[in-house]
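>
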Amino acid sequence: MVTAIILMTVDRKRINELAQELADIEGVSECYSVGGSYDLVALIRVRDTESLADLVTRQMAHLEGIEHTETLIAFQAHSRHDLENMFSVGL
1 MVTAIILMTV DRKRINELAQ ELADIEGVSE CYSVGGSYDL VALIRVRDTE SLADLVTRQM
61 AHLEGIEHTE TLIAFQAHSR HDLENMFSVG L
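Residue 1 is where the sequence shown starts when you use UniProt numbering, and the numbers rise one by one after that.
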């Protein structure tokens, strides 16, 4: 399983429509509109890197209004539960 975070700058007039179009793509588990340097953030969970490449270069590439993307690939997941156990002093 490959997890990735895709940061996007988009045509601001299409934020809501793009978020819904992205959320409808298989492999996109969540999509958020955000403030800051980016407009949308998508959380991706796919079978392998080939599936990720297909999602970004084929499925997302045809969506009108996406101006720029930056893809971050997760190496390891750390949940709150994992971190609490790691740093617990047994109190």
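Built from N, CA and C at the ideal position, the CB exists for glycine as well.
Short check: CB of valine 41 to CB of glycine 27, under 7 angstroms?
Start at 1 with the first residue of the sequence shown, and residue 41 comes out as number 41. Start at 1 with the first residue of the sequence shown, and residue 27 comes out as number 27. No, the Cβ-Cβ distance between valine 41 and glycine 27 is not below 7 angstroms.
> Under a Cβ-count criterion, where at least 16 other Cβ atoms within 10 Å of its own Cβ denotes burial, should methionine 8 be classed as buried or exposed?
By one-based count along the sequence shown, residue 8 stands at place 8. Result: buried.
> Could you have a look at alanine 53 and say whether DSSP puts it in helix, strand or coil?
Here residue 53 refers to the residue found at position 53 of the sequence shown. Residue state, collapsed to three classes: helix.
> For leucine 22, which of Phe75, Leu55, Tyr38 and Leu72 has the nearest alpha-carbon?
Along the sequence shown, one-based indexing puts residue 22 at 22. Answer by Cα proximity: Leu55.
> Is arginine 47 helix, strand or coil by DSSP?
Translated into the one-based positions of the sequence shown, residue 47 becomes position 47. Arginine 47: coil per DSSP, three-state reduction.
> Could you compute how far the alpha carbon of glutamate 64 sits from the alpha carbon of threonine 3?
Sequence index remark: in the sequence shown, residue 64 carries index 64 (1-based). Sequence index remark: in the sequence shown, residue 3 carries index 3 (1-based). Spanning the two alpha carbons is a distance of roughly 24 angstroms.
> Tell me where the beta strand (DSSP E) around isoleucine 6 begins and ends.
Counted from its first residue, the sequence shown places residue 6 at position 6. Segment 2-10, the beta strand (DSSP E) holding isoleucine 6.
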